[in-house]
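S.K.:
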Amino acid sequence: MPDSQPQPHHSSSSSPSPASAGDPAALLLCGARLTDGRTVDVRLGGGRIEAVGTVGSLSAYAARVDLSGYLLLPAPAEPHGHGDTALSADADGPVSYDPQDIQRRATEAALLQLGHGATALRSHVRVGDVPGLGALAAVLQARRALRGLAELTAVAMPRVLTGAAGADGLAMLRDAVKMGASVVGGCPDRDPDPTGYVEAVLELASEHGCPVDLHTDGDDPARLARLAAMAGGLRPGVTIGPCGGLGRLPAEAASRAADQLAAAGVTVVCLPQGGCGGAERRATAPVRLLRAAGVRVAAGSGALRDVSNPVGRGDPLEAAYLLASRHGLRPEEAYDAVSASARAVLGLPEVRVEAGFPADLLAVRGDRLAGALSLAYSRIVVHRGRVVARTSAVREYCNTPVVAALDLPRQGRAEPP
Numbered sequence: 005m006p007d008s009q010p011q012p013h014h015s016s017s018s019s020p021s022p023a024s025a026g027d028p029a030a031l032l033l034c035g036a037r038l039t040d041g042r043t044v045d046v047r048l049g050g051g052r053i054e055a056v057g058t059v060g061s062l063s064a065y066a067a068r069v070d071l072s073g074y075l076l077l078p079a080p081a082e083p084h085g086h087g088d089t090a091l092s093a094d095a096d097g098p099v100s101y102d103p104q105d106i107q108r109r110a111t112e113a114a115l116l117q118l119g120h121g122a123t124a125l126r127s128h129v130r131v132g133d134v135p136g137l138g139a140l141a142a143v144l145q146a147r148r149a150l151r152g153l154a155e156l157t158a159v160a161m162p163r164v165l166t167g168a169a170g171a172d173g174l175a176m177l178r179d180a181v182k183m184g185a186s187v188v189g190g191c192p193d194r195d196p197d198p199t200g201y202v203e204a205v206l207e208l209a210s211e212h213g214c215p216v217d218l219h220t221d222g223d224d225p226a227r228l229a230r231l232a233a234m235a236g237g238l239r240p241g242v243t244i245g246p247c248g249g250l251g252r253l254p255a256e257a258a259s260r261a262a263d264q265l266a267a268a269g270v271t272v273v274c275l276p277q278g279g280c281g282g283a284e285r286r287a288t289a290p291v292r293l294l295r296a297a298g299v300r301v302a303a304g305s306g307a308l309r310d311v312s313n314p315v316g317r318g319d320p321l322e323a324a325y326l327l328a329s330r331h332g333l334r335p336e337e338a339y340d341a342v343s344a345s346a347r348a349v350l351g352l353p354e355v356r357v358e359a360g361f362p363a364d365l366l367a368v369r370g371d372r373l374a375g376a377l378s379l380a381y382s383r384i385v386v387h388r389g390r391v392v393a394r395t396s397a398v399r400e401y402c403n404t405p406v407v408a409a410l411d412l413p414r415q416g417r418a419e420p421p
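In my numbering, the protein residues as written are 5 to 421.
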């Protein structure tokens, strides 16, 4: 469930709040660099940011984490993953849908992405056909196992919802919601009646008050127009992705579709790291066109080392890097797509490095956002005010005159005498 909204901003004085003074889990992040250039201490308590002040100004009724040399950011989120098939590319034969195998893969995938910085994740899970409801049950079990480390939510994805075969799919979807799938979705492009599929999903979502998250290539302007018309006004919202086909449309048609999606309040999740379908669906949505039209654009990882993308990394900072390097977004815009916009897709409150906001943070070695997107190897991840993951990278060069002359930066052990 989404957290509550940020509390009113309060003073960053040196006196600890009553909560932090008695909170054994209180934490002081020392010497962190912010994107505005300031170097600060940040005090966390009760799962929130209690105070932000100049270095040394905050009282230390808390454990300390030295963030000297690190850039402190709102933590990213993963708005489009596939935990039920993740990490299955190297399996011999067909992907196993044994619930224990799925739970292990989903848990391992979520921890891998947590190490990258994603403290909240949305996993699209197939229901019906071979897995039935077993895959969903396994992912929900993984969600329970991850409680306190990361927030994992499941999207139920039936294959067919129209015609004679659709009755079973619709019943399965209703059962999935009762089991704990908090989002309804699927792929209308694969149904004999895509419009009927969307209508069925939207009706069930309206009945249960669920968000909707649909897979579509977005290469049919008429179909997109009907989806936008049906989705307009639905709360808590409609998300579609990866929409790579939207970029293959003529400019006028793509622009008109973007305007229609914006007017309907539909969010688009693009997948710059490779998508989650076959090779023919690897294009990335036209993010600049969509943003210019006023569409909220978030970025996800898609397939994580499954048959769709056996080299998928599941790294939100890589997704942001690709948006900046390939699609011309400024680093701040690119990081927003994997952080603030991605959290909005998941119905989570905004995070800022300011008092009163949720303490979901990512510290990456570096002092500028552009550099962090390029070389963010060392990372410290904070979820609800607690350090939940660390990744340390060590770079060393052999001791040669060239290295000494250039005075290259190096991390690691001192050279032996």
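Think of the CB as a built atom: it goes at the ideal place given N, C-alpha and C, for glycine as much as any other residue.
Restricting to Cα atoms, I'd like to know which of Thr123, Ala393, Thr43, Gly360 is closest to leucine 156.
M.R.: Checking every option, the nearest Cα to that of leucine 156 belongs to Thr123.
S.K.: State the DSSP-derived secondary structure class of tyrosine 401, mapped to helix, strand or coil.
M.R.: Reduced to three states, the DSSP call for tyrosine 401 is coil.
S.K.: What number of angstroms, rounded off, separates the C-alpha of alanine 141 from the C-alpha of glycine 278?
M.R.: So the two alpha carbons sit approximately 27 angstroms from each other.
S.K.: Glycine 304 and valine 273: beta carbons closer than 8 angstroms?
M.R.: Yes. Within cutoff.
S.K.: Using the DSSP secondary-structure output, state which residues sit across from glycine 1 in a beta bridge.
M.R.: Absent from the model: residue 1. The displayed extent of the chain is 5 to 421, so no value can be given.
S.K.: Looking at C-alpha atoms only, which residue of Leu326, Leu144, Gly119 is the closest neighbour of valine 131?
M.R.: Checked all of Leu326, Leu144, Gly119; the closest Cα to valine 131 is Leu144.
S.K.: Straight-line CA distance for glutamate 337 to proline 135?
M.R.: The straight-line gap from Cα to Cα measures roughly 38 angstroms.
S.K.: Can you give me the C-alpha to C-alpha distance between alanine 171 and alanine 257, rounded to a whole angstrom?
M.R.: About 34 angstroms.
S.K.: Could you check if tyrosine 401 is buried or exposed, using at least 16 other CB atoms within 10 Å of its CB as the buried criterion?
M.R.: Burial call: exposed.
S.K.: Under the three-state reduction of DSSP, which class applies to glutamate 336: helix, strand or coil?
M.R.: Looking at glutamate 336 - three-state DSSP - the assignment turns out to be helix.
S.K.: Let me make sure I understand the geometry here. Which of Leu77, Ile244, Thr58 has the alpha-carbon closest to that of valine 355?
M.R.: Ranking Leu77, Ile244, Thr58 by Cα distance to valine 355 puts Leu77 first.
S.K.: Looking at glycine 222: is its Cβ nearer than 8 angstroms to the Cβ of leucine 250?
M.R.: Taking 8 angstroms as the Cβ cut-off, glycine 222 and leucine 250 qualify as a contacting pair.
S.K.: From arginine 399 to alanine 363, what distance separates their C-alpha atoms?
M.R.: Straight-line Cα distance between these residues: approximately 30 angstroms.
S.K.: For alanine 110 versus aspartate 88, is the C-beta spacing smaller than 8 angstroms?
M.R.: It is a contact, given that the beta carbons lie within the stated cut-off.
S.K.: Would you mind listing the alpha helix (DSSP H) stretches within the region 51 to 129 that are 4+ residues and don't spill past its ends, in chain order?
M.R.: If we require 4 residues or more, the alpha helix (DSSP H) runs fully inside the region 51 to 129 come out as 103 to 120.
S.K.: Going by C-alpha distance, which of Cys247, Asp371, Ala114, Arg163 is nearest aspartate 319?
M.R.: Per the Cα distances, Ala114.
S.K.: Who are the Cβ neighbours of glycine 200 in its own chain at under 6 angstroms, not counting the five residues just before and after it?
M.R.: Result list for glycine 200: Thr166, in chain order.
S.K.: For proline 362, which three-state DSSP category applies?
M.R.: Residue state, collapsed to three classes: strand.
S.K.: If you follow the alpha helix (DSSP H) that glutamate 203 is part of, which residue opens it and which one closes it?
M.R.: First-last of the alpha helix (DSSP H) with glutamate 203: 198 to 212.
S.K.: With distance defined between alpha-carbon atoms, name the residue in Pro198, Met234, Val187, Pro192 nearest to glycine 213.
M.R.: If we check each option's Cα against that of glycine 213, Val187 comes out closest.
S.K.: Just to check, is the beta-carbon of glycine 298 closer than 7 angstroms to a non-hydrogen atom of the ligand NAD?
M.R.: Inclusion of the ligand NAD in the displayed structure is not the case, the ligand content being empty and no account of it being possible.
S.K.: With a 10 Å radius around its C-beta and 16 neighbouring C-beta atoms as the bar for buried, classify valine 450 as buried or exposed.
M.R.: Here the chain has residues from 5 to 421 only, and residue 450 is not among them.
S.K.: Do the CB positions of leucine 308 and histidine 86 come within less than 8 angstroms of each other?
M.R.: In contact: leucine 308 and histidine 86 (Cβ atoms closer than 8 angstroms).
S.K.: Hey, out of Arg147, Pro215, Gly245, whose CA is closest to aspartate 193's CA?
M.R.: If we check each option's Cα against that of aspartate 193, Gly245 comes out closest.
S.K.: How far does the alpha helix (DSSP H) with glutamate 322 in it reach, from first residue to last?
M.R.: Where glutamate 322 is concerned, the enclosing alpha helix (DSSP H) stretches over 320 to 331.
S.K.: For my contact list, methionine 161 and histidine 128 are in at a C-beta cut-off of 8 angstroms; report their separation, rounded to the angstrom.
M.R.: Indeed they touch by this definition, with Cβ atoms about 5 angstroms apart.
S.K.: How many Å lie between arginine 230 and arginine 68 at the Cα?
M.R.: C-alpha separation (whole angstroms): 54 angstroms.
S.K.: Under 8 angstroms between the Cβ atoms of proline 405 and leucine 373?
M.R.: Cβ atoms of proline 405 and leucine 373: not closer than 8 angstroms.
S.K.: Helix, strand or coil: how does DSSP classify arginine 372 here?
M.R.: Correct three-state label for arginine 372: coil.
S.K.: Nearest to valine 391 by CA position, among Ala79, Ala267, Ala232, is which residue?
M.R.: The shortest C-alpha separation from valine 391 is found at Ala79.
S.K.: When you compare each of Cys280, Leu333, Leu150 to alanine 93 by their alpha carbons, which one comes out closest?
M.R.: That would be Cys280, whose Cα lies nearest to the Cα of alanine 93.
S.K.: Quick check on the burial criterion: 16 or more other C-beta atoms within 10 angstroms. Buried or exposed for proline 198?
M.R.: Proline 198 should be labelled buried.
S.K.: Just verifying my parser: in three-state terms, what is the DSSP assignment at aspartate 193?
M.R.: Aspartate 193: helix per DSSP, three-state reduction.
S.K.: Could you name the residues that DSSP lists as bridge partners for glutamate 155?
M.R.: Looking at the DSSP assignment, glutamate 155 forms a beta bridge with Ala124.
S.K.: Over the uninterrupted alpha helix (DSSP H) stretch that includes arginine 292, give me the two end residues.
M.R.: Taken as a continuous stretch (DSSP letters only), the alpha helix (DSSP H) holding arginine 292 covers 291 to 297.
S.K.: Considering just the uninterrupted stretch of the beta strand (DSSP E) at valine 349, what are its terminal residues?
M.R.: Not the beta strand (DSSP E): valine 349 falls in the alpha helix (DSSP H), residues 344 to 349.
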